[in-house]
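Heads up, the thing below is written out as structure tokens.
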Amino acid sequence: MAHLCFQVLSTSFFTPKPQIPVLLSPGAACIKSIHQYRYLYLKAMQDDKFSTPPCDESKVRVPHVLTVAGSDSGGGAGIQADIKACAARGVYCSTVITAVTAQNTVGVQGVNIVPEDFVAEQLRSVLSDMPPNVVKTGMLPSTGIVKTLCQSLKEFPVQALVVDPVMVSTSGHTLAGPSILDSFREELLPMADIVTPNLKEASALLGGVPLETIADMRSAAKAIHDIGPRNVLVNGGDLPASLDAVDVFYDGNDFYEFHSSRIMTPNTHGTGCTLASTVAAELAKGSQMLSAVKVAKRYVEAVLSYSKNIAIGGGCQGPMDHLLKLKSNVERRPFDPCDLFLYAVTDSRMNKKWGRSIVDAVKAAIEGGASIIQLREKEVETGDFLEAAKACLKICRVHGVPLLINDRIDVALASDADGVHIGQSDMPAHVARALLGPDKIIGVSCKTPEHAQQAWIDGADYIGSGGVYPTNTKENNKTIGLDGLKTVCVSSKLPVVAIGGIGMSNAQAVMRLGVPNLKGVAVVSALFDRECVMTETRKLLEVLKESTKIAK
126 MAHLCFQVLS TSFFTPKPQI PVLLSPGAAC IKSIHQYRYL YLKAMQDDKF
176 STPPCDESKV RVPHVLTVAG SDSGGGAGIQ ADIKACAARG VYCSTVITAV
226 TAQNTVGVQG VNIVPEDFVA EQLRSVLSDM PPNVVKTGML PSTGIVKTLC
276 QSLKEFPVQA LVVDPVMVST SGHTLAGPSI LDSFREELLP MADIVTPNLK
326 EASALLGGVP LETIADMRSA AKAIHDIGPR NVLVNGGDLP ASLDAVDVFY
376 DGNDFYEFHS SRIMTPNTHG TGCTLASTVA AELAKGSQML SAVKVAKRYV
426 EAVLSYSKNI AIGGGCQGPM DHLLKLKSNV ERRPFDPCDL FLYAVTDSRM
476 NKKWGRSIVD AVKAAIEGGA SIIQLREKEV ETGDFLEAAK ACLKICRVHG
526 VPLLINDRID VALASDADGV HIGQSDMPAH VARALLGPDK IIGVSCKTPE
576 HAQQAWIDGA DYIGSGGVYP TNTKENNKTI GLDGLKTVCV SSKLPVVAIG
626 GIGMSNAQAV MRLGVPNLKG VAVVSALFDR ECVMTETRKL LEVLKESTKI
676 AK
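Take this note's numbering: the final residue in the sequence shown is number 677, and no numbers are missing along the way.
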């Protein structure tokens with residue numbers, strides 16, 4: 126199993142010999158026009174002016190991705206991979222087919238390009254009636270189809286555009302010629318919110334620049350970003366002479382590297398499609414871009430690991446099983462760092478002191494405004510703890526509040542809680558991630574910048590830093606003070622919640638530190654060592670709200 130939560134893999138496509146000159150960034154007017162279309166669309170949606178027929182209020186609007194790509198008769202890549210990836214991630218997927226291919230695990234035997242006017246008809250059918258949250262592109266086999274797509278997106282803007290620059294199949298069959306590259310650079314990439322090339326595709330987009338090191342990948346990500354897309358993810362599964370697989374993500378300001386060991390399997394057909402589609406699916410569900418990329422990388426790793434020994438077909442490029450274990454029908458919204466604002470941590474001794482159950486304590490905290498709950502019950506039998514966790518989860522689901530379990534990954538798995546919080550002496554975060562899956566929330570207690578860096582590498586979603594002040598809930602807990610908290614926050618790439626001795630008297634001082642990734646405070650005694658948990662939670666919530674107003 127990889128020691129990191131991000132598995133970088135070879136994608137399904139290779140590019141032709143690059144003989145294309147590098148095209149510089151498109152005109153600012155083009156990008157401005159694109160963003161104006163998107164602004165008007167989102168404003169109309171926000172103002173509820175979007176023309177939709179009346180519907181039953183009991184119906185649930187589901188996240189929706191439209192994939193514009195080719196059909197793979199073997200079912201491993203193309204729209205088939207896109208549909209399965211979206212389904213596995215709990216997202217509806219509609220399709221516009223740009224080409225029909227005859228292919229299997231051996232290779233591509235034939236390609237039949239869909240006429241441009243019929244591609245346009247498909248686009249209008251979907252976009253005019255059932256507007257998707259996100260559009261994801263794959264095989265775009267002609268410049269006319271690229272132009273048709275771009276024009277359709279101007280007429281029917283969407284929240285995000287994910288571009289997988291498919292050029293050559295795994296078996297070496299050319300799926301996009303040199304003229305398509307010009308259309309990509311001049312028209313499609315400036316509209317994209319993220320583009321996800323592998324090394325050969327990134328090189329082709331830049332006119333054949335060789336990419337042999339991580340530094341080359343960083344330069345390529347920056348150069349592709351200069352063409353126009355808002356974010357770039359360069360997949361380094363084919364990086365020469367590298368023991369690890371390394372991906373580079375660039376958002377226009379910062380670089381993020383994702384390192385992991387490789388999964389050795391021939392069943393890699395469709396990994397590029399799957400990665401891009403999963404990013405699209407997570408964006409459709411409401412995730413921020415970096416979070417969507419992280420979940421997508423974890424999901425592809427899980428699929429490859431699960432599928433590494435399956436046998437389908439007689440060729441050397443087998444497909445994957447996208448559905449593996451992701452069959453839960455529980456709807457779980459993506460982790461939002463703002464959930465850390467008022468982080469309530471239960472305590473079995475305090476509950477016993479005040480004569481209340483775990484369930485009663487959690488219900489009162491949520492009714493008072495707690496934004497996330499952690500069950501830290503050190504003195505409860507496992508069976509009782511599990512039943513209490515299941516009962517608490519029902520309450521949290523009703524209110525849309527995430528539920529985490531302290532330390533006990535077994536209880537988190539058995540109860541299907543939203544995640545865990547672990548300490549430096551507990552199970553490593555990357556092991557917890559392997560057990561819990563790609564989308565569970567994992568928090569790690571950190572006292573130093575080194576701890577924070579390791580939490581990021583291991584795939585945690587947030588860190589808890591402290592104790593900020595002395596506390597009676599943990600013995601021999603070294604305090605780091607406000608200065609130590611600020612140092613950890615500044616060095617962390619993850620959102621931070623302050624922990625340790627925080628209450629009504631000092632919460633404002635914590636929240637006024639002025640570091641943007643400090644998202645909230647974790648509280649134990651100030652809430653649960655009181656007669657009325659709900660009242661104390663409400664009071665603290667008002668203090669925190671006031672502190673954020675003052676900070677602004």
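A virtual CB, placed ideally from N, CA and C, is assigned to each residue, including glycine.
A quick note: this is a predicted structure, and the numbers were derived from the prediction, not measured.
Given this structure, state the Cα-to-Cα distance separating valine 236 from glycine 200, to the nearest angstrom. Numbered from 1 along the sequence shown, position 111 holds the residue referred to as residue 236. Numbered from 1 along the sequence shown, position 75 holds the residue referred to as residue 200. Spanning the alpha carbons of valine 236 and glycine 200 requires a straight line of approximately 15 Å.
Over what stretch of residues does the beta strand (DSSP E) that includes cysteine 463 continue unbroken? Walking along the sequence shown from the start, residue 463 turns up at place 338. Per DSSP, cysteine 463 belongs to no beta strand (DSSP E) and is neither H nor E.
Check the DSSP bridge columns for serine 385 and list the partner residues they point to. Your numbering for residue 385 matches position 260 in the sequence shown. Beta-bridge pairing links serine 385 to Ala370.
What is the rounded straight-line gap between the Cα of threonine 390 and the Cα of leucine 415? Translated into the one-based positions of the sequence shown, residue 390 becomes position 265. Translated into the one-based positions of the sequence shown, residue 415 becomes position 290. If you take the alpha carbons of threonine 390 and leucine 415, they lie about 27 Å apart.
For isoleucine 437, which residues of its own chain have a beta-carbon under 6 Å away from its beta-carbon, when the five flanking residues on both sides are left out? As a first step, residue 437 must be located in the sequence shown, where it is residue number 312. Around isoleucine 437: Gly443 and Pro444.
Outcome for serine 402 when other beta-carbon atoms lying within 10 angstroms are tallied against a minimum of 16: Counted from its first residue, the sequence shown places residue 402 at position 277. Looking at its Cβ environment, which holds 16 or more other Cβ atoms inside 10 Å, serine 402 is buried.
So which of Leu400, Ser385, Asp307 and Ser277 has the shortest CA-CA distance to asparagine 323? Numbered from 1 along the sequence shown, position 198 holds the residue referred to as residue 323. Nearest of Leu400, Ser385, Asp307 and Ser277 to asparagine 323, Cα basis: Leu400.
Of the choices Ser304, Phe281 and Leu652, whose alpha-carbon is the least far from that of glycine 493? As a position in the sequence shown, residue 493 is number 368, starting the count at 1. Ranking the options by Cα distance to glycine 493, first place goes to Leu652.
Could you name each continuous beta strand (DSSP E) segment of 3 residues or more that falls completely within the region 468 to 531, going from the start of the chain to the end? As far as the region 468 to 531 is concerned, its whole beta strand (DSSP E) runs of at least 3 residues are 497 to 500 and 528 to 531.
What residue from Cys571, Gly592, Gly353 and Arg522 has the CA that sits closest to aspartate 583's CA? Residue numbering aside, residue 583 sits at position 458 when the sequence shown is read from its first letter. Among Cys571, Gly592, Gly353 and Arg522, the Cα nearest to that of aspartate 583 is on Cys571.
Taking the alpha-carbon of aspartate 379 as reference, which of Ala370, Ala469 and Ala346 has the nearest alpha-carbon? Taking the sequence shown and counting its residues from 1, one reaches residue 379 at position 254. The shortest C-alpha separation from aspartate 379 is found at Ala346.
Curious, which full-length beta strand (DSSP E) runs of at least 3 residues does the region 237 to 308 contain? Within the region 237 to 308, the beta strand (DSSP E) runs of at least 3 residues that lie entirely inside it are, in chain order, 259 to 262 and 285 to 288.
So who's on the other strand from isoleucine 624, going by DSSP bridges? Stepping through the sequence shown from its first residue, residue 624 is reached at position 499. In DSSP, isoleucine 624 forms a bridge with Gly591.
Mapping DSSP to helix, strand and coil, what is aspartate 733? With the chain covering 126 to 677 only, the question about residue 733 has no answer from this structure.
Excluding the 5 residues preceding and the 5 following glycine 152 in the sequence, name in chain order all residues of the same chain whose CB lies nearer than 8 Å to its CB. As a position in the sequence shown, residue 152 is number 27, starting the count at 1. Low local confidence applies: a pLDDT of 45 at glycine 152 is under 50, so the model's placement there is unreliable, and no value is given.
Around the Cβ of asparagine 454, are there at least 16 other Cβ atoms within 10 angstroms (buried) or fewer (exposed)? For the purposes of this step, residue 454 is taken as the residue at position 329 of the sequence shown. Note that asparagine 454 scores 43 on pLDDT, short of 50, meaning its location in the model is unreliable; the coordinates nonetheless yield the value given after this. It counts as exposed.
Less than 8 Å between the CB atoms is what I'm expecting for aspartate 318 and alanine 285, so what's the real figure, rounded? For the purposes of this step, residue 318 is taken as residue 193 along the sequence shown, with counting starting at 1. For the purposes of this step, residue 285 is taken as residue 160 along the sequence shown, with counting starting at 1. Sure, about 4 Å apart at Cβ, within 8 Å.
Below 8 Å on the Cβ atoms is my guess for glycine 544 versus leucine 561; work out the distance and round it to an integer in Å. In the sequence shown, the residue the question calls residue 544 occupies position 419. In the sequence shown, the residue the question calls residue 561 occupies position 436. That belief holds up - the Cβ atoms of glycine 544 and leucine 561 are roughly 7 Å apart, short of 8 Å.
Looking at the unbroken alpha helix (DSSP H) that takes in leucine 314, where does it start and where does it end? Taking the first residue of the sequence shown as 1, we reach residue 314 at position 189. Note, leucine 314: premise wrong, no alpha helix (DSSP H); not H, not E.
Option in Cys521, Lys433 and Val287 with minimal Cα separation from aspartate 464: Position 339 of the sequence shown holds residue 464. Ranking the options by Cα distance to aspartate 464, first place goes to Cys521.
Taking the alpha carbon of alanine 539 as the reference point, which residue from Pro365, Ser304, Asp509 and Val556 has its own alpha carbon closest? Taking the sequence shown and counting its residues from 1, the one referred to as residue 539 is at position 414. Answer by Cα proximity: Asp509.
Taking buried to mean at least 16 other C-beta atoms within 10 Å of its own C-beta, is asparagine 531 buried or exposed? As a working note, residue 531 is residue 406 in the sequence shown. Under this definition asparagine 531 is a buried residue.
In or out: valine 231 buried (at least 16 other Cβ within 10 Å) or exposed? Numbered from 1 along the sequence shown, position 106 holds the residue referred to as residue 231. Flag for valine 231 reads exposed.
By how many angstroms is the C-alpha of isoleucine 566 removed from the C-alpha of threonine 673? Against the sequence shown, residue 673 aligns to sequence position 548. Against the sequence shown, residue 566 aligns to sequence position 441. One C-alpha to the other measures close to 25 Å.
When you compare each of Ser183, Arg355 and Gly362 to aspartate 376 by their alpha carbons, which one comes out closest? Residue 376 sits at position 251 when you count from the first residue of the sequence shown. Closest by C-alpha distance to aspartate 376, out of Ser183, Arg355 and Gly362, is Arg355.
Using a Cβ distance threshold of 8 Å, determine whether the region 301 to 311 contacts the region 333 to 342, with at least three qualifying pairs required. Contact fails: fewer than three Cβ-Cβ distances are below 8 Å.
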